[in-house]
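Chains as they are written, first to last, in this note's numbering: chain A, 27 to 162; chain B, 27 to 162.
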DNA sequence: ATTTGCACTTGCAATATGCAAGTAAATTTC
DNA sequence: GAAATTTACTTGCATATTGCAAGTGCAAAT
């Protein structure tokens, strides 16, 4: 799949090597909103990722330390995915992407509210959200 | 190529539809640093984009209003590419990506300096950089 | 008039994606 | 307790995208 060679030591390039595709950040998004997700939860997301791509992205992101697998308390058949600290640290990136998209595209109204709150007091919003994400 | 269908009205998804691949943000990066670039300048960048991919990305980003083409003052054979306001507005995204990468990867020391400056006073740094980018 | 530089295009092989169907273990249902 | 269902994947194959190398056409320099 994705061999883990860096293309350069540019931070943008490094980042794209890790999550620069059409799906990885959507998985991260789901985890940021829901905190924990099962494989099936990701499949249910609106964009319709196909199951083989989902499996390959989850594996790559686990190998790159963005997410981790946990055993589900309810059942051995289920797996819980969760963000690591490295994954949680993508929050500011996700929020700035949202701010940009909100300026130029029609986006979901719930997310518009988040953007508005964030813009009002970026540092404060980040601090509170990070605290919340780290909780579990 | 890239048909311009939205996958959903999620801001992350919208954004990825526009620049979510391994190359677009590197082109944006070059333009943010150099302000103006020719086709040949992009080809010379460290990551080694191939010429057909470069052409397709430039076209897509022009169609999506991130960049624009200008005639080169020196020669009719040359073309200058420049960021539009929409492209310039990706600056906070680029900076937060850099902050993330700087935390987890070994990055170029010049970029480390930029990250350090940005983190010291985000709003101030942004304001100054935006002003500088809009100048030309 | 010929060569060089610049911005692309084209052809083709290699890789990645998307869809549909399949598998294996764990759980639920009868 | 056997059979059906749920869950997390894997496999096969068609299609789309990428990457490499070579080619084209116009402008400018020699």
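The beta-carbon is built from N, C-alpha and C at its ideal position, and this holds for glycine as well.
Values in this document were obtained by computation on a predicted structure and should not be read as measured data.
- Within the DSSP secondary-structure output, residue 94 of chain B pairs in a beta bridge with B/108.
- Any Cβ of chain A closer than 8 Å to the Cβ of residue 89 of chain B would place that residue at the interface, and such an atom is absent.
- When beta bridges are read from the DSSP output, residue 63 of chain A appears opposite A/107.
- By the neighbour-count criterion, in which 16 or more other beta carbons inside 10 Å mark a residue as buried, residue 128 of chain A falls on the buried side.
- For the 8 Å CB-CB criterion, residue 119 of chain B and residue 64 of chain B do not form a contact.
- In the structure shown, residue 73 of chain B adopts coil according to DSSP, grouped into three states.
- Within the same chain, and ignoring the five residues on either side of residue 49 of chain A in sequence, the residues whose Cβ sits closer than 7 Å to its Cβ are 75, 79 and 83.
- By the Cβ-count criterion, residue 68 of chain B is buried, with 16 or more other Cβ atoms from all chains shown falling within 10 Å of its own Cβ.
- As the crow flies, the alpha-carbon of residue 142 of chain A is around 45 Å from that of residue 100 of chain B.
- Under the DSSP assignment, residue 49 of chain B falls outside any alpha helix (DSSP H); it carries neither an H nor an E label.
- Only residues of its own chain outside the window of five on either side were considered, and among them 117 have a CB closer than 7 Å to the CB of residue 155 of chain A, listed in chain order.
- Going by DSSP, residue 118 of chain A is part of the alpha helix (DSSP H) stretching over 117-130.
- Using a CB distance below 8 Å, the part of the segment 56-84 of chain A facing chain B consists of 72, 73 and 74, ordered along the chain.
- Contact between residue 113 of chain B and residue 54 of chain B is confirmed by a C-beta separation of about 6 Å, below the 8 Å threshold.
- Assigned with DSSP and collapsed to three states, residue 35 of chain B falls in coil, not helix or strand.
- In chain order, 121 and 151 place their CB closer than 6 Å to the CB of residue 144 of chain B, counting only its own chain and leaving out the 5 sequence neighbours on each side.
- Using a Cβ-Cβ cut-off of 9 Å, residue 125 of chain A is close to 37, 115, 118 and 119 of chain B, given in chain order.
- For residue 136 of chain A, the enclosing alpha helix (DSSP H) has its first and last residue at 135-146.
- For residue 143 of chain B, the closest Cβ of chain A is not nearer than 8 Å.
- From the listed residues A/90, A/59 and A/66, the smallest Cα separation to residue 32 of chain A is found for A/90.
- Here DSSP, grouped into helix, strand and coil, assigns residue 101 of chain A to coil.
- Neighbours of residue 129 of chain A in chain B, taken as residues whose beta carbon is under 7 Å from its own, are 115 in chain order.
- A distance below 6 Å between beta-carbons, with the five flanking residues on each side excluded, links residue 61 of chain A to the following residues of its chain, in chain order: 162.
- Neighbours of residue 137 of chain B in chain A, taken as residues at a C-beta separation under 9 Å, are given in chain order as 35, 36, 37 and 38.
- The closest CA to that of residue 43 of chain B, considering only A/98, A/92 and A/130, is found on A/130.
- In this structure, residue 109 of chain B sits away from residue 51 of chain B, with a CB-CB distance that is not shorter than 8 Å.
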